[in-house]
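Protein chains in written order, with the numbering used here: chain L, 79 to 314; chain B, 21 to 289.
Even for Gly, the Cβ is constructed at its ideal location relative to N, Cα and C.
Note that the coordinates shown come from a computational prediction; the quantities given were computed from them, not determined experimentally.
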């Protein structure tokens, strides 16, 4: 049967319910929580702070480091072994690539800004949720940035191009599935993360990028609202 | 690990304040911060619990798997307790393999659950010598403002109480559907009593922890005060009187923790 209606009744360009909150980890210089459906990411930013060992120091600007990590109990099925995996290292890399072009650390030579992203619960779309949380945490920490980053996945199930696939859709067996996480600088529309797995046509990629725009805008607004609330007494 | 700098005048301040029966944050020596227990907070875990102790936040989740029993105990399953002190939760924690603090934390919680008989390992058996349930209990610190030990054990026990077996079809686990509850026989809780100078106090803050000279973590099973685990930490000795005092104090305080656990709200799932 063709996948023309989503199993949870969402429209093709509709995300799952989103929650965004800032200031959730008191010890951190900046922190945020981003939840989309059952996928929940926490991000904490420490820094700019001293970077050790010293040979890693960059005297021309501060260093940005990103760590994506799934907690052992956060996944469907087997326990996730703690510690870095090939998968988590790759996601850390592409996350870093999202933020490197927009943070300006020239004023903090020799220091490091560490961004820790922890997934407490995952139901697909975890790297996008992590990027959304990290972006808010960086802003909350007061790191100079050109823009926030908003991310959501696009893709297709069968012939339907849609956004924000959940685990059920990603694992849909009767149809071809492709999943394409995208992160965008909302002010310019520039794309800073683009990955895809599955088979998809050029037209479908274009369509997916197009229908992503509205949800990205919605996520951007939620991120900004959460940040504003944290400075106007809405902070928990 | 980078240590919070030990400051002599701050130590003197802590000691002075403790002489008045109060802490520098104006809590009494035997007073815990506000405790909040939330159960079932993670959709993908078989059981989960978030404990908020003042500004300390600890998350525990359980995963269940089927494995071959140990050859010397063909009729029992087992548990594994692991703790991660996430670098997210404190500037003192760094990425990398588990340090001694997280290993000690996990082992003391493991001991409380294992020796306290929280789970009857025999009931985890599925097929003699072939298959048994293994319970993985993972504890992570989300924000460390001190006393991770007590929060971790409370969270682990909470997560166990909230754990359901996934269904099994033709020997394959169906993690999407859960059936009966994991049977919990006892509910161990840890209370850590700390010593600075000749003062004993509970629920230390992160700011106080570098000044603690000795601590005694006490695993308590019930309101009668059955003890199921002990761990002395720190390099300063305790006198016998201090240990007796610590045990009494811990049993008293464990009732408070137990009340918070009982009052824990269950989320979705």
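Between which two residues does the alpha helix (DSSP H) holding residue i run?
i, result
"residue 170/B", "168 to 181"
"residue 128/B", "120 to 135"
"residue 54/B", "Neither: residue 54/B is in no alpha helix (DSSP H) and is coded neither H nor E."
"residue 38/B", "28 to 39"
"residue 233/L", "From DSSP, residue 233/L is part of no alpha helix (DSSP H) but of the beta strand (DSSP E) over 228 to 235."
"residue 246/L", "245 to 248"
"residue 62/B", "Counting along the chain, residue 62/B falls outside any alpha helix (DSSP H), and DSSP gives it neither H nor E."
"residue 216/L", "204 to 218"
Return yes when the C-beta of residue i is under 7 Å from any heavy atom of the ligand MN, and no when it is not.
i, result
"residue 109/L", "Looking for the ligand MN in the displayed structure turns up nothing, as the structure carries no ligands at all."
With DSSP as the reference, label residue i as helix, strand or coil.
i, result
"residue 293/L", "helix"
"residue 185/B", "strand"
"residue 174/L", "helix"
"residue 270/B", "helix"
"residue 314/L", "Any reading at residue 314/L must be qualified, since the residue scores a pLDDT of 46, below 50, and its modelled position is unreliable; the value itself is stated next. DSSP places residue 314/L in coil when its eight states are reduced to three."
"residue 230/B", "helix"
"residue 108/L", "strand"
"residue 197/B", "strand"
"residue 238/L", "strand"
"residue 146/B", "strand"
"residue 114/B", "coil"
"residue 182/L", "coil"
"residue 303/L", "helix"
"residue 86/B", "strand"
"residue 258/B", "coil"
"residue 279/B", "helix"
"residue 154/L", "coil"
"residue 22/B", "Only weak support is given to the placement of residue 22/B: the predicted model assigns it a pLDDT of 43, under 50, and the value that follows is read from those uncertain coordinates. Reduced to three states, the DSSP call for residue 22/B is coil."
"residue 192/B", "strand"
"residue 276/L", "coil"
"residue 298/L", "helix"
"residue 285/B", "strand"
"residue 308/L", "helix"
"residue 202/B", "coil"
"residue 243/B", "coil"
"residue 221/B", "strand"
"residue 249/B", "strand"
Please state whether the Cβ-Cβ distance between residue i and residue j is less than 8 Å.
i, j, result
"residue 151/L", "residue 158/B", "yes"
"residue 81/B", "residue 65/B", "yes"
"residue 76/B", "residue 182/B", "no"
"residue 80/L", "residue 285/L", "no"
"residue 50/L", "residue 149/L", "Outside the shown range of chain L, which is 79 to 314, sits residue 50/L, and nothing can be said about it."
"residue 125/B", "residue 172/B", "yes"
"residue 96/B", "residue 141/B", "yes"
"residue 230/L", "residue 180/L", "no"
"residue 222/L", "residue 192/L", "no"
"residue 210/L", "residue 309/L", "no"
"residue 160/B", "residue 277/B", "no"
"residue 37/B", "residue 30/B", "no"
"residue 207/L", "residue 114/L", "yes"
"residue 217/L", "residue 305/L", "yes"
"residue 57/B", "residue 283/B", "yes"
"residue 202/L", "residue 243/L", "yes"
Going by DSSP, what residue range makes up the beta strand (DSSP E) through residue i?
i, result
"residue 162/B", "151 to 163"
"residue 105/B", "98 to 105"
"residue 134/L", "Residue 134/L -> no beta strand (DSSP E), and no H or E assigned at all."
"residue 142/L", "141 to 148"
"residue 109/B", "Premise fails: residue 109/B is in no beta strand (DSSP E) and is neither H nor E."
"residue 127/L", "117 to 128"
"residue 193/L", "189 to 199"
"residue 259/L", "255 to 263"
"residue 70/B", "67 to 73"
"residue 98/L", "96 to 100"
Buried or exposed for residue i, please, with buried defined as at least 16 other CB atoms from any protein chain shown within 10 angstroms of its CB.
i, result
"residue 301/L", "buried"
"residue 26/B", "exposed"
"residue 122/L", "buried"
"residue 200/L", "buried"
"residue 147/L", "buried"
"residue 130/L", "exposed"
"residue 215/B", "buried"
"residue 7/B", "Any question about residue 7/B goes unanswered here, given that chain B covers just 21 to 289."
"residue 348/L", "This structure does not reach residue 348/L, given that chain L is present from 79 up to 314, and the question cannot be answered."
"residue 314/L", "With a pLDDT of only 46 at residue 314/L, under the threshold of 50, the placement of this residue in the model should not be trusted; the figure read from the coordinates follows. Label assigned to residue 314/L: exposed."
Chain L contacts from the region 141 to 159 of chain B (Cβ-Cβ distance under 8 Å): The region 141 to 159 of chain B vs chain L, Cβ under 8 Å: 156 and 158.
Residues, ordered as in the chain, of the region 148 to 165 of chain L that lie near chain B by beta-carbon distance below 9 Å: The residues in question are 149, 150, 151, 152, 153, 154, 155, 156, 157, 158, 160, 161 and 162.
Contact set between the region 82 to 111 of chain B and chain L, restricted to residues whose Cβ is under 7 Å from the partner: Of all residues in the region 82 to 111 of chain B, those with a C-beta nearer than 7 Å to a C-beta of chain L are 82, 83, 85, 102, 104, 106, 107, 108, 109, 110 and 111, reading in chain order.
Residues from the region 126 to 145 of chain L in contact with chain B, defined by Cβ distance under 7 Å: Look at the region 126 to 145 of chain L: the residues with a C-beta under 7 Å from a C-beta of chain B are 145.
Contact set between the region 56 to 73 of chain B and chain L, restricted to residues whose Cβ is under 7 Å from the partner: Those residues of the region 56 to 73 of chain B placed with their C-beta closer than 7 Å to a C-beta in chain L are 62, 63, 64, 65 and 68, ordered along the chain.
Selection of the region 178 to 210 of chain L by Cβ proximity to chain B, strictly under 9 Å: Of all residues in the region 178 to 210 of chain L, 192, 194, 195, 196, 198, 199, 200 and 201 have a Cβ within less than 9 Å of some Cβ in chain B.
Positions along the region 160 to 172 of chain B whose CB lies within less than 8 Å of some CB in chain L: Per Cβ criterion, the list reads 160, 162, 163, 164 and 165.
Contact list for the region 195 to 227 of chain B against chain L, Cβ threshold 9 Å: From the region 195 to 227 of chain B, only 195, 196 and 226 have a Cβ closer than 9 Å to chain L.
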